[in-house]
Ligand code: SF4
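Listed below in structure tokens is the structure:
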């Protein structure tokens, strides 16, 4: 009780350890449950044998938990030091990662998962992947969104350089954080991407770290307004298979193997906490399920920086609190941007802030989960 009242007067957000790099399969990150190995399959797609092989690898070398990232990647969790190298070798043998550590560390490229073979999204993505070595060395989190479907679908997914459609259906390249983009074509899209990333680095982008934080004037006229974002349900409906949702972005390897019925011939990753089971024409999970839009990091005991359990509380609050983020600490891994309601763990309790990012100055401090549930009428 005394501790809680002391915390109520604390007005400084706690310090969090910020890591300035992104894990890969060859360079994993230590988390509370062991090493975390990130996999980014080419074009965000895995064949059936690759998907089943990855499930087997997660069970054999990890703890069986698979996380889906908001950049359409996968993370195998709970890997021991001893198991890391055999796991990376198994992933390379399946063609899921580059056999070379440097090749595996390239900037992330997210595709709108409704792409079809030979369409503009796939064509540009393949051309970009072939020319990644022409890009300058970029800050660790900088990445690309190839979103050349009928209208942008990845607007709110993390990316720094976006290929989209404008109001007239023409292709544009848009720097993240800018309202408008520059006209491009399928043929010259990658040339423009390379030139814009080169400008980003020579104009001080490395100091900003991300395009949206880089205020320098663009090197080229960017006056094409992107088309309005497509509804998520429409994008999911256009994908070639059933949408399998994963609350908070986590799915167990056994659950995933069971979902791979005989109709599923491949799996596509999405940045919306779900997978597209190619070939399965069964009913999709509702992409608007609150459990798929609520953000909550793994929290304790998975992450050593957390002093609170996050996902049980988030699951209980999700139907009652729109635009919710429950964060194990002020780092805010699950959502770097602001949320309508954010609960940040600190010293075993939660700080509550509104329209804020994790760790922002709170309106209430030191709340226990039972107090929060009562506060939002979620009991
Ligand atoms: S936000 Fe969550 S996952 Fe990230 S460091 Fe803090 S407790 Fe860990």
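Residue numbers (our numbering): -15 to 363. Ideal placement from N, C-alpha and C gives every residue a C-beta, glycine not left out.
According to DSSP, simplified to helix, strand and coil, what is residue i?
i           : result
residue 268 : coil
residue 86  : helix
residue 355 : helix
residue 68  : helix
residue 118 : helix
residue 220 : helix
residue 360 : coil
residue 194 : coil
residue 322 : coil
residue 138 : coil
residue 210 : strand
residue 14  : strand
residue 148 : strand
residue 2   : Residue confidence is low: residue 2 scores 40 on pLDDT, short of 50, so the model does not pin down where it sits. Its coordinate-derived value is still stated next. Of the three classes helix, strand and coil, the one that applies to residue 2 here is coil, per DSSP.
To the nearest angstrom, how far is the alpha carbon of residue i from that of residue j?
i           : j           : result
residue 16  : residue 69  : 19 Å
residue 289 : residue 311 : 11 Å
residue 278 : residue 299 : 8 Å
residue 187 : residue 163 : 19 Å
residue 152 : residue 211 : 8 Å
residue 329 : residue 126 : 28 Å
residue 303 : residue 181 : 41 Å
residue 293 : residue 283 : 5 Å
residue 60  : residue 40  : 11 Å
residue 199 : residue 123 : 16 Å
residue 244 : residue 261 : 8 Å
residue 28  : residue 97  : 8 Å
residue 259 : residue 148 : 22 Å
residue 137 : residue 216 : 7 Å
residue 352 : residue 360 : 13 Å
residue 235 : residue 58  : 10 Å
residue 291 : residue 350 : 12 Å
residue 356 : residue 327 : 9 Å
residue 341 : residue 315 : 9 Å
residue 196 : residue 202 : 12 Å
Closer than 7 Å: is that where the CB of residue i sits relative to any heavy atom of ligand 1?
i           : result
residue 191 : no
residue 315 : yes
residue 87  : no
residue 283 : yes
residue 290 : yes
residue 312 : yes
Verify the CB distance criterion: does residue i have a CB-CB separation below 8 Å to chain C?
i         : result
residue 7 : The displayed structure is made up of one protein chain only, and chain C is not part of it.
Is the beta carbon of residue i within less than 7 Å of some heavy atom of ligand 3?
i           : result
residue 287 : Ligands displayed in this structure: ligand 1; ligand 3 is not among them.
How would you call residue i, buried or exposed, if buried means at least 16 neighbouring beta carbons within 10 angstroms?
i           : result
residue 172 : exposed
residue 226 : buried
residue 115 : exposed
residue 214 : buried
residue 207 : exposed
residue 321 : exposed
residue 313 : buried
residue 117 : exposed
residue 308 : buried
residue 33  : exposed
residue 247 : exposed
residue 265 : exposed
residue -1  : Reliability fails at residue -1, whose pLDDT of 31 lies under 50, so the model's placement of it is uncertain and no value is given.
residue 318 : buried
residue 64  : exposed
From the DSSP output, which residues share a beta bridge with residue i?
i           : result
residue 215 : None; residue 215 has no bridge partner.
residue 251 : 30 and 261
residue 170 : Its beta-bridge partners do not exist; DSSP assigns none.
residue 50  : 60 and 235
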